[in-house]
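S.K.: Residue numbers (my numbering), protein chains in the order written: chain A, 665 to 840; chain B, 58 to 262. Glycine included, each C-beta is placed from N, C-alpha and C at the ideal position. Quick caveat, the model's predicted, so the values are computed rather than measured.
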Amino acid sequence: MSAVDWRQQIFEVFQDHDIKQVYHVPDAGHARLIEACQRSNSIRTVALTTEEEGVAIAAGAWLGGQRSALLMQSSGVGNTINLMGLTKTLRFPLLSLITMRGEVGEFNSWQYPMGQGTQKVLEAMGVLVTSVDKADEVKTTVDYAARSAFNANQPVAVLLRQKLIGIKDFGKKVAQ
Amino acid sequence: MSAKATLQRRPLVKKILEGADDNLLVIAGLGSPNWDITEAGDRPLNMPLWGGMGAPVGMGLGLALAQPTKRVLVITGDGDMLMSLGSLATVAAQAPDNLAICVLDNEKFGETGNQATHTSPRNNGPTDSGAGTDLSIVAKGCGIADSALVRDQAEVGQLVKDLRSKKGPVFRLVKVMVEKLEFVMPPQDGAHLKDRFRAALLGRA
């Protein structure tokens, strides 16, 4: 584990930005952040059956005056694309944090199509995409993304690169 | 499988929304439910969707969690509900006590020419058959214990009470007639609809 606990830092950014609802599917990369949110008294966590639900719930939360964040893996990004259009039509902020699969080094060939398509499809829907691959840049990157979302009503996605989260390896857990 | 529906959606929705005050936040699915709530009276605390099929239940959930002291009512159709069955399990998991979901089930995709949805009976003939899917049982199976099917005028009074004030999450499936009705349209601009909703609820857009 690196010296900087970037997952804890993301949690702190959530608190700094007064995020009240966090949506997630199960994910090894986000696991510790999800657990920190679940333990928090100020954040309501919502486990989803599919990532697109998170976009709809975020829209409802914003209608009700609460900020939220959507955590997902790149493999689930395609599930959100249709409803991502709501962020443009309704012009509401959406902060998504995406743990990447299917980047160079990935062992599972089934992860490549969506992993390699993630940034393109998000951008096709008008989502601002930023990314980070160094632990000591996570806090600033997520903080800036949250500022674009909540100060400027933008849909923003942060790609947490596979170099940051570690490459999944069958049998051997690497950099978990 | 089922008797012919007799309830008419417009007078029903009018009754459901009668006397709506600032305590009632309404989200309506695209197509007929949008026109239904708008005929009952357009108001800032209505969020009628013109797109986003599959989104209303999720939006209702996020809103209900953000505004626990308000009543949140989602009114949508069978086609929309069929597109987001998983959201019923997510609602059950969160169990918001201020959320009610009303599905107006005419067993048709109204906006595209009244093709059968899966809630249509199986034996309606070659071009009009569904699967007989009962969404009230689906909701119950997803974990929303308070789920029921309504099809008679005599049950409407209770339906209105349940949707407006019973401890949630409440799910009601209402069988309604297939009708050709006038489009009654609210403003279309999504950002405007969202801003007027937030302004009315929060005092700021």
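1. Output the residue ranges of the beta strand (DSSP E) runs that lie fully inside the stretch 729-787 of chain A and measure 3 residues or longer, sorted by chain position.
2. I'd like the list of long-range same chain contacts for A/M778, defined as Cβ closer than 7 angstroms, with 5 residues on each side in sequence excluded.
3. Hey, out of A/D807, A/L754 and A/E801, whose CA is closest to B/Q245's CA?
4. Could you work out which residue in B/E168, B/L122, B/A202 and B/F240 is closest to B/G134 when comparing CA atoms only?
5. Say whether chain A places a C-beta atom closer than 8 angstroms to the C-beta of B/L259.
6. Does the distance from the CB of B/A112 to the CB of A/L750 come in under 8 angstroms?
7. Under 7 angstroms Cβ to Cβ from B/K197, same chain only, skipping five residues before and after it: list those, please.
8. Please confirm whether B/L130 and B/L206 have their CB atoms less than 8 angstroms apart.
9. By Cβ distance below 8 angstroms, which residues in the same chain neighbour B/M58 in space, the five residues on each side in sequence not counted?
10. Using the rule of at least 16 other Cβ atoms within 10 Å of the residue's Cβ for burial, across every protein chain shown, is A/S706 buried or exposed?
11. Taking just the CA atoms, how far does B/E75 sit from B/S218?
12. Once you ignore the five residues that flank B/P68 on each side, which residues in its own chain have a CB closer than 8 angstroms to its CB?
13. Is there a Cβ from chain B that is less than 8 angstroms from the Cβ of A/F814?
14. On the three-state DSSP scale, how would you describe B/D154?
15. Identify each residue in the stretch 138-168 of chain B for which the Cβ-Cβ distance to at least one residue of chain A is less than 8 angstroms, and report them in chain order.
16. Going by C-alpha to C-alpha distance, which of A/A711, A/A788, A/T763 and A/I762 sits closest to A/N746?
17. To the nearest angstrom, how far is the alpha carbon of A/R708 from that of B/A60?
18. Please specify which runs of the alpha helix (DSSP H), each continuous and at least 4 residues long, are wholly inside the stretch 65-96 of chain B, giving them in chain order.
19. How far does the alpha helix (DSSP H) with A/S812 in it reach, from first residue to last?
20. Go ahead and pull the three-state DSSP assignment for A/F678.
21. I need the straight-line Cα distance from B/G260 to B/H175, nearest angstrom please.
22. Let me confirm a value: A/T805 is counted as buried when at least 16 other C-beta atoms fall within 10 Å, else exposed. Which label applies?
23. I think B/S121 touches B/L156, with their Cβ atoms under 8 angstroms apart; what is that distance to the nearest whole Å?
24. Step through the CB atoms of chain B and report whether any lies within less than 8 angstroms of the CB of A/V820.
25. Per the contact definition of three or more C-beta pairs closer than 8 angstroms, is the stretch 92-112 of chain B in contact with the stretch 228-244 of chain B?
26. Spell out whether any CB of chain A is found under 8 angstroms from the CB atom of B/Q65.
27. With three or more C-beta pairs closer than 8 angstroms as the rule, is the stretch 755-765 of chain A touching the stretch 728-736 of chain A?
28. Suppose contacts are defined by Cβ-Cβ distances below 8 angstroms. Is B/L118 in contact with B/V233 by that definition?
29. I'd like to know whether the C-beta atoms of A/A700 and A/Q730 end up nearer to each other than 8 angstroms.
30. Residues in its own chain within less than 7 angstroms of B/K224 by CB, not counting five upstream and five downstream?
31. I believe B/A146 touches A/T713 by the beta-carbon criterion, under 8 angstroms. Please report the beta-carbon distance rounded to the nearest angstrom.
32. Which residues share a DSSP beta bridge with B/G134?
33. Roughly how many whole angstroms lie between the Cα atoms of A/K784 and A/E801?
34. Along the beta strand (DSSP E) that carries B/D219, what are the first and last residues, could you check?
35. Which residues, taken in chain order from the stretch 719-733 of chain A, show a beta carbon closer than 9 angstroms to some beta carbon of chain B?
36. Answer yes or no: does any C-beta atom of chain B fall closer than 8 angstroms to that of A/Q685?
M.R.: Walking through what the data contain:
1. Correct list: 731-737 and 758-763.
2. Locating residue 778 of chain A in the first sequence gives position 114, counting from the first residue. Around A/M778: S738, S739, V741, G742 and G766.
3. For this step, residue 245 of chain B is matched to residue 188 along the second sequence. That would be A/L754, whose Cα lies nearest to the Cα of B/Q245.
4. Within the second sequence, residue 134 of chain B is the residue found at index 77, counting from 1. The shortest C-alpha separation from B/G134 is found at B/E168.
5. Here residue 259 of chain B refers to the residue found at position 202 when the second sequence is read from its first residue. For B/L259, the answer is yes, since a Cβ of chain A falls inside 8 angstroms of its Cβ.
6. Taking the second sequence and counting its residues from 1, the one referred to as residue 112 of chain B is at position 55. Taking the first sequence and counting its residues from 1, the one referred to as residue 750 of chain A is at position 86. Yes, they are a contact pair.
7. To locate residue 197 of chain B, count along the second sequence from 1; it is residue 140. Within the same chain, B/K197 has close Cβ partners S204.
8. Counted from its first residue, the second sequence places residue 130 of chain B at position 73. Counted from its first residue, the second sequence places residue 206 of chain B at position 149. Not in contact: B/L130 and B/L206 (Cβ atoms no closer than 8 angstroms).
9. For the purposes of this step, residue 58 of chain B is taken as residue 1 along the second sequence, with counting starting at 1. Reliability fails at B/M58, whose pLDDT of 45 lies under 50, so the model's placement of it is uncertain and the value that follows must be treated cautiously. Closer than 8 angstroms at Cβ, skipping near neighbours: P178, R179, N180 and G189.
10. Counting from one through the first sequence, the residue named residue 706 of chain A turns up at place 42. By the 10 Å Cβ count, A/S706 comes out exposed.
11. The residue labelled residue 218 of chain B in the question sits at position 161 within the second sequence. The residue labelled residue 75 of chain B in the question sits at position 18 within the second sequence. Per the sequence presented here, residue 218 of chain B reads as Lys, with Ser not at that position. Cα to Cα, the separation comes out at about 11 angstroms.
12. Within the second sequence, the letter at position 11 stands for residue 68 of chain B. So the list is empty, once near-sequence residues are dropped.
13. The residue given as residue 814 of chain A occupies position 150 in the first sequence. It does not: the Cβ of A/F814 has no partner Cβ on chain B nearer than 8 angstroms.
14. Sequence index remark: in the second sequence, residue 154 of chain B carries index 97 (1-based). Note: B/D154 maps to coil in three-state DSSP.
15. S141, G143, S144, A146, T147, A150 and Q151
16. Locating residue 746 of chain A in the first sequence gives position 82, counting from the first residue. Nearest option by C-alpha distance: A/A788.
17. Locating residue 708 of chain A in the first sequence gives position 44, counting from the first residue. Locating residue 60 of chain B in the second sequence gives position 3, counting from the first residue. A/R708 and B/A60: Cα-Cα distance of roughly 43 angstroms.
18. 66-73 and 89-96
19. Residue mapping note: residue 812 of chain A aligns to position 148 of the first sequence, counting from 1. First-last of the alpha helix (DSSP H) with A/S812: V802 to A816.
20. Here residue 678 of chain A corresponds to residue number 14 of the first sequence, with the count starting at 1. The answer is helix: DSSP assigns A/F678 an H, G or I state.
21. Residue 260 of chain B sits at position 203 when you count from the first residue of the second sequence. Residue 175 of chain B sits at position 118 when you count from the first residue of the second sequence. In a straight line, the C-alpha of B/G260 is about 42 angstroms away from that of B/H175.
22. The residue you call residue 805 of chain A lines up with position 141 of the first sequence. It counts as buried.
23. Along the second sequence, one-based indexing puts residue 121 of chain B at 64. Along the second sequence, one-based indexing puts residue 156 of chain B at 99. Position check: residue 121 of chain B holds Ala in this sequence, whereas Ser was assumed. Their Cβ separation, rounded to whole angstroms, is 4 angstroms, which keeps B/A121 and B/L156 in contact under 8 angstroms.
24. Sequence index remark: in the first sequence, residue 820 of chain A carries index 156 (1-based). Not a single CB atom of chain B sits nearer than 8 angstroms to the CB of A/V820.
25. yes
26. Here residue 65 of chain B refers to the residue found at position 8 when the second sequence is read from its first residue. By this cut-off, B/Q65 is not an interface position.
27. yes
28. Start at 1 with the first residue of the second sequence, and residue 118 of chain B comes out as number 61. Start at 1 with the first residue of the second sequence, and residue 233 of chain B comes out as number 176. Their beta carbons are not under 8 angstroms apart, which means B/L118 does not touch B/V233 by this criterion.
29. Taking the first sequence and counting its residues from 1, the one referred to as residue 700 of chain A is at position 36. Taking the first sequence and counting its residues from 1, the one referred to as residue 730 of chain A is at position 66. Cβ distance not < 8 angstroms, so A/A700 and A/Q730 don't count as in contact.
30. What you label residue 224 of chain B is simply residue 167 of the second sequence in a count that begins at 1. For B/K224, where only same-chain residues beyond five positions count, the Cβ hits under 7 angstroms are D154.
31. For this step, residue 146 of chain B is matched to residue 89 along the second sequence. For this step, residue 713 of chain A is matched to residue 49 along the first sequence. At roughly 6 angstroms, the Cβ-Cβ gap stays under 8 angstroms, so B/A146 and A/T713 are in contact.
32. Sequence index remark: in the second sequence, residue 134 of chain B carries index 77 (1-based). B/L161.
33. Here residue 784 of chain A refers to the residue found at position 120 when the first sequence is read from its first residue. Here residue 801 of chain A refers to the residue found at position 137 when the first sequence is read from its first residue. When rounded, the distance between both Cα atoms is 23 angstroms.
34. As a working note, residue 219 of chain B is residue 162 in the second sequence. Element bounds for B/D219: not the beta strand (DSSP E) but the alpha helix (DSSP H), V213 to S222.
35. Going along the stretch 719-733 of chain A in chain order, one finds V719, A720, I721, A722, A723, G724, A725, W726, L727, G728, G729, Q730 and S732 with a Cβ nearer than 9 angstroms to chain B.
36. What you label residue 685 of chain A is simply residue 21 of the first sequence in a count that begins at 1. Answer yes: the Cβ-Cβ gap between A/Q685 and chain B drops below 8 angstroms somewhere.
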